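Undergrad:
In the working numbering, the protein residues as written are 62 to 237.
Take a look at the structure:
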């Protein structure tokens with residue numbers, strides 16, 4: 062009978078120990094799998110964050126280049142237009158002679174060409190370049206100047222135009 066009890070106890074201990082080992086093994090494997098999945102997820106998440114940051118940096122750099130090109134184009138046009146011989150109207154509607162125009166340094170042809178090139182390289186649409194050429198190379202009027210400003214706003218993502226004053230598109234002089 063003692064042999065039976067000893068065999069039963071031995072078998073029970075073996076079953077309990079085997080069950081405990083199986084439970085511990087399963088728990089350990091599950092924990093290792095969970096840790097491995099978390100680690101891979103963390104690596105993938107970090108890689109995605111880095112890629113997103115790089116993409117954001119590239120977009121910001123492109124936008125800055127485009128903004129600088131638009132501002133340079135406006136400076137060049139201001140120089141060109143302030144040296145034109147044209148008659149505008151003052152706030153009372155009286156003609157202003159060319160001598161009332163306040164001049165600024167006229168850009169040289171290299172600056173005008175550079176503006177064309179930079180606009181062609183940085184803008185997503187051809188509208189800003191076409192309007193710049195119209196303002197710089199033809200006898201364009203204030204309406205074209207306003208259209209150019211609004212095209213720059215759109216190109217830079219600032220929405221629709223806000224400047225629609227075509228009669229006072231170019232500031233030719235400061236009020237005295």
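The beta carbon of each residue, even a glycine, is placed where N, CA and C say it ideally should be. Every value quoted in this text rests on a predicted model; they were computed, and no experiment measured them.
#1: Could you give the distance in angstroms between the alpha-carbon of residue 105 and the alpha-carbon of residue 98?
#2: By the 10 Å Cβ neighbour count, where 16 or more other Cβ atoms means buried, how is residue 210 classified, buried or exposed?
#3: State the start and end residues of the unbroken alpha helix (DSSP H) segment that holds residue 208.
#4: Between the C-alpha atoms of residue 130 and residue 207, what's the straight-line distance to the nearest angstrom?
#5: To the nearest angstrom, how far is it from the Cα of residue 202 to the Cα of residue 221?
#6: Quick check: the Cα distance between residue 183 and residue 102, rounded to an integer number of angstroms?
#7: Here's the rule: buried if 16 or more other CB atoms are within 10 angstroms of the residue's CB, otherwise exposed. What is residue 212?
#8: Would you mind stating whether residue 192 and residue 181 have Cβ atoms separated by less than 9 Å?
#9: What is the residue span of the alpha helix (DSSP H) that residue 164 lies within?
#10: Quick one: what does DSSP say residue 178 is sitting in, helix, strand or coil?
#11: Of all the beta strand (DSSP E) runs that stay within the bounds of the stretch 81-132, which reach a length of 3 or more residues?
#12: For residue 179, which residues of its own chain have a beta-carbon under 6 Å away from its beta-carbon, when the five flanking residues on both sides are left out?
#13: Can you look up residue 172 in the DSSP assignment and give me helix, strand or coil?
#14: Over what stretch of residues does the alpha helix (DSSP H) that includes residue 196 continue unbroken?
TA: Reading off the structure:
#1: Residue 105 and residue 98: Cα-Cα distance of roughly 10 Å.
#2: By the neighbour-count rule (16 or more Cβ atoms within 10 Å), residue 210 is buried.
#3: Residue 208 -> alpha helix (DSSP H) spans 203-216.
#4: Per the coordinates, the alpha-carbon of residue 130 lies some 17 Å from the alpha-carbon of residue 207.
#5: Taking the straight line from one Cα to the other gives about 21 Å.
#6: Their Cα atoms are separated by approximately 37 Å.
#7: Its Cβ being crowded by 16 or more others within 10 Å, residue 212 is buried.
#8: Taking C-beta atoms as the reference points, residue 192 and residue 181 fail to come closer than 9 Å.
#9: Premise fails: residue 164 is in no alpha helix (DSSP H) and is neither H nor E.
#10: Helix.
#11: Qualifying beta strand (DSSP E) stretches: none in this window.
#12: Taken in chain order, the residues that qualify are 130.
#13: It is helical.
#14: The continuous alpha helix (DSSP H) containing residue 196 extends over residues 188-198.
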